[in-house]
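**Student:** Take a look at the following structure, please.
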Amino acid sequence: MAVTDPTAIIAFLLVGGLISKGVAYYFFRQRRRLREVLRLSIEAMDEGFILYDSKDRLVMWNERGRLMHSPSAQKVGLGTDFETILRLEVADGHFLDAKDDEEAWVQQRLEGHRTACGIEEERLSNGRYIRITKDRTPEGYLVSLILDVTSLKMAQQAAEASNKAKSDMLRNISHELRTPLTVVFGHSSILSHAEALPATRSFRAALGALDAGDLDRQFSAYTDTIVGQGERIRNSSQHLLDLVNEILDLARIEGGHMEIKPDLIPADTMLDETLAEFRGWAKTKGIALHRLPTDATIYADPMRLKQIAHNLLGNAIKFTDHGTITLTAETHGDGTWLSVADTGCGIADDDHKSIFESFHQVDASDARRQKGSGLGLALTKSLVELHGGTITLRSAIGAGSTFEVFFPAPAPAMPAGGTSPRDATREPPAETVAELT
1 MAVTDPTAII
11 AFLLVGGLIS
21 KGVAYYFFRQ
31 RRRLREVLRL
41 SIEAMDEGFI
51 LYDSKDRLVM
61 WNERGRLMHS
71 PSAQKVGLGT
81 DFETILRLEV
91 ADGHFLDAKD
101 DEEAWVQQRL
111 EGHRTACGIE
121 EERLSNGRYI
131 RITKDRTPEG
141 YLVSLILDVT
151 SLKMAQQAAE
161 ASNKAKSDML
171 RNISHELRTP
181 LTVVFGHSSI
191 LSHAEALPAT
201 RSFRAALGAL
211 DAGDLDRQFS
221 AYTDTIVGQG
231 ERIRNSSQHL
241 LDLVNEILDL
251 ARIEGGHMEI
261 KPDLIPADTM
271 LDETLAEFRG
281 WAKTKGIALH
291 RLPTDATIYA
301 DPMRLKQIAH
311 NLLGNAIKFT
321 DHGTITLTAE
331 THGDGTWLSV
341 ADTGCGIADD
351 DHKSIFESFH
361 QVDASDARRQ
371 KGSGLGLALT
381 KSLVELHGGT
391 ITLRSAIGAG
401 STFEVFFPAP
411 APAMPAGGTS
421 PRDATREPPA
431 ETVAELT
């Protein structure tokens, strides 16, 4: 039935209007309450919070965000665009890194704001450091979070300063130790060759004239004792001098003072020279040394390449009681692989990474027996990485070890549109070997 009474219609409209207003007021209060909850939540954040709309105009920021924009915050109101805020801060000297080239710095930050990717770190004029993270919403709004990382940066700088001080101390101590060691080593060499001394030759000549056979025998025994003691002193001082040089090299690398001068080096010549120096030691242990024929060249600093090869071959002989050690050098793709394979005791999987750490010993008792310092492989890895290369290990307990070093080739002058593909596969080495025992 239709309502035709005018009074009823008016009453209905009045009641409907009141209900509508009540509902609208309810939703208004709810929205205001939610906005207040959002504001209080943002204010409670440890980070500075800043929100820009799709046209990069300031919509909202919390107190911490305003403090991190001080002293320019007093000049900024809601609706101010990002570029205006940024240029105000630069004019106020808020960012220390902007002082050298303000316009270039501003353009770089504007581009970062447009892309809203990555993390920026800034030094402020008050000595603080801030880290800024930006991200855009699907509607095009930009959310910026600002974190005070001063404590973190100070700790990082302190650690870097401590590391530099350590490297400087090691370098200075190494120099101080090396000077007297050189003197000891030099004089011990004289003792180990006592028969060559002028005084010894003169004394022997006098004894020969006297025909004093028993005295001559006693004197020979005496000089043999001197030579033996001198040889022991020389060997120990050489070992200590090698350790000091390793410490010095590590300190130079850590301090950024190690320079390399790479050149193309024929691998066969370098390997032959290395094997010749270690042949005697290997022979005393009954170890056969082999080198695979090669026409490869290695792009490396000659002195440091020799040091790398010496460390790897010396390590292989040290921890191999019998069997063979094989050296290879092969060029593949954009570099050359140098390999040293032994039939020694092998290394457990758990130690494959830690063995390249300074002062690390896989087995302390065995290291003492072999007189190892734990520096050789760490230094070798650092020297390889200085060349832009890598060093890897394939080994298992009782199955020997193979150390492989990759040296990148020098960058060629590429033709237009040319590429230098990396050959990811390695061909098996030739079967023919040259025995050097």
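Mapping of the sequence shown onto the UniProt record's numbering: residues 1 to 437, in sequence order. Where is the CB? At the ideal position from N, CA and C, for every residue including glycine. If you're wondering where the values come from, they're calculated on a predicted model, not measured in any experiment.
In the DSSP assignment, what residue or residues form a beta bridge with histidine 357?
**Tutor:** The sequence given here has glutamate at residue 357, not histidine. Its beta-bridge partners do not exist; DSSP assigns none.
**Student:** CB-CB under 6 Å to glutamate 121, same chain, minus the five flanking residues each way: which ones, in chain order?
**Tutor:** Arg131, listed in sequence order.
**Student:** By alpha-carbon positions, which one of Gly376, Gly388, Arg64 and Ala221 ends up nearest to glycine 314?
**Tutor:** For the residues Gly376, Gly388, Arg64 and Ala221, the minimum Cα distance to glycine 314 belongs to Gly376.
**Student:** Out of Thr343, Thr223, Glu254 and Glu330, point me to the one whose CA is closest to residue 438's CA.
**Tutor:** Absent from the structure is residue 438, since the part of the chain shown begins at 1 and ends at 437.
**Student:** Taking only runs that begin and end inside the stretch 222-296, name each unbroken beta strand (DSSP E) of 3 or more residues, in chain order.
**Tutor:** With a minimum length of 3 residues, the continuous beta strand (DSSP E) runs that stay inside the stretch 222-296 are 263-266 and 287-291.
**Student:** CB phenylalanine 356 to CB isoleucine 317, shorter than 8 Å?
**Tutor:** Taking 8 Å as the Cβ cut-off, phenylalanine 356 and isoleucine 317 do not qualify as a contacting pair.
**Student:** Examine the Cβ distances between the stretch 139-150 and the stretch 40-60 and report whether three or more of them are shorter than 8 Å.
**Tutor:** Because the criterion of three Cβ pairs below 8 Å is met, the stretch 139-150 and the stretch 40-60 touch.
**Student:** What does DSSP give as the partner residues of leucine 58 in its beta bridges?
**Tutor:** Looking at the DSSP assignment, leucine 58 forms a beta bridge with Tyr52.
**Student:** Short of 7 Å in beta carbon distance, which residues of its chain neighbour glycine 112, apart from the five on each side in sequence? Order them along the chain.
**Tutor:** Excluding residues within five positions, the ones whose Cβ falls inside 7 Å are Gly118 and Glu120.
**Student:** Along the alpha helix (DSSP H) that carries glutamate 385, what are the first and last residues, could you check?
**Tutor:** 376-386 is the span of the alpha helix (DSSP H), which, as asked, contains glutamate 385.
**Student:** Could you tell me the boundaries of the alpha helix (DSSP H) in which histidine 322 lies?
**Tutor:** That residue, histidine 322, is in no alpha helix (DSSP H); it is neither H nor E in DSSP.
**Student:** Could you work out which residue in Arg123, Leu78 and Leu379 is closest to methionine 154 when comparing CA atoms only?
**Tutor:** Selected option, being the one with the closest Cα: Arg123.
**Student:** Taking the alpha-carbon positions, what's the threonine 182 to aspartate 97 distance?
**Tutor:** Looking at the two C-alpha atoms, the distance is approximately 49 Å.
**Student:** Look up lysine 99 in the DSSP assignment and say whether it is helix, strand or coil.
**Tutor:** It is coil, neither helix nor strand.
**Student:** Where does arginine 128 sit, in a helix, a strand or coil, going by DSSP?
**Tutor:** It is coil, neither helix nor strand.
**Student:** Identify whether leucine 88 lies in helix, strand or coil by the three-state DSSP scheme.
**Tutor:** Three-state DSSP puts leucine 88 in a helix.
**Student:** Return the CA-CA distance between residue 447 and isoleucine 308, expressed in angstroms with no decimal places.
**Tutor:** Since the first residue of the chain shown is 1 and the last is 437, residue 447 is not available in this structure.
**Student:** Following the continuous alpha helix (DSSP H) through residue 440, name the residue where it begins and the one where it ends.
**Tutor:** No information on residue 440 is available, as it lies outside the stretch 1 to 437 that the chain covers here.
**Student:** Can you tell me whether valine 405 is buried or exposed? The criterion is at least 16 other CB atoms within 10 Å of its CB, across all chains shown.
**Tutor:** Classification of valine 405: buried, given that the 10 Å Cβ count is 16 or more.
**Student:** Determine whether the beta carbon atoms of leucine 393 and phenylalanine 403 lie at a separation below 8 Å.
**Tutor:** Yes.
**Student:** What's the gap between the Cα of aspartate 56 and the Cα of glutamine 107?
**Tutor:** Computed Cα separation, rounded: 15 Å.
**Student:** Assign threonine 182 to one of three DSSP states: helix, strand, or coil.
**Tutor:** Three-state DSSP puts threonine 182 in a helix.
**Student:** Starting from glutamate 63, trace the alpha helix (DSSP H) in both directions and tell me its first and last residue.
**Tutor:** Start and end: 63-68.
**Student:** First and last residue of the beta strand (DSSP E) that includes aspartate 148?
**Tutor:** 142-148 is the extent of the beta strand (DSSP E) around aspartate 148.
**Student:** Determine, using beta carbons only, whether alanine 296 and glycine 346 come nearer to each other than 8 Å.
**Tutor:** No, Cβ-Cβ distance for alanine 296 and glycine 346 is not below 8 Å.
**Student:** Going by beta carbon distance, what residues of the same chain come within less than 8 Å of glycine 127, once the five residues before and after it are set aside?
**Tutor:** Thr150.
**Student:** When burial is assigned at 16 or more other CB atoms within 10 Å of the CB, is glutamate 246 buried or exposed?
**Tutor:** Counting Cβ neighbours within 10 Å, glutamate 246 comes out buried, since at least 16 surround it.
**Student:** Under 8 Å between the Cβ atoms of serine 220 and phenylalanine 185?
**Tutor:** For serine 220 and phenylalanine 185, no; Cβs fall outside 8 Å.
**Student:** Give me the DSSP bridge partner(s) of methionine 408.
**Tutor:** The amino acid at residue 408 is misidentified as methionine; the sequence shows proline. BP columns for proline 408 point to Gly335.
**Student:** Using C-beta distances below 7 Å, list every residue in its chain close to phenylalanine 82, excluding the 5 sequence neighbours before and after it, in chain order.
**Tutor:** Same-chain partners within the cutoff: Tyr52, Asp56 and His113.
**Student:** In terms of DSSP beta bridges, what is alanine 329 paired with?
**Tutor:** DSSP, once it has assigned bridges, lists Leu338 as partnering alanine 329.
**Student:** Put glutamate 47 into one of helix, strand or coil per three-state DSSP.
**Tutor:** Three-state result, glutamate 47: coil.
**Student:** Just tell me which of Leu327, Thr326 and Ala300 has its CA closest to the CA of leucine 383.
**Tutor:** Checked all of Leu327, Thr326 and Ala300; the closest Cα to leucine 383 is Ala300.
**Student:** Under DSSP, the beta strand (DSSP E) around serine 395 begins and ends at which residues?
**Tutor:** Residues 390-395.
**Student:** May I ask you to list the residues that DSSP assigns as paired with aspartate 135?
**Tutor:** Answer is Val143.
**Student:** Exposed or buried, what is leucine 34 when buried is set at 16 or more other beta-carbons lying within 10 Å of its beta-carbon?
**Tutor:** Per the 10 Å Cβ criterion, exposed.
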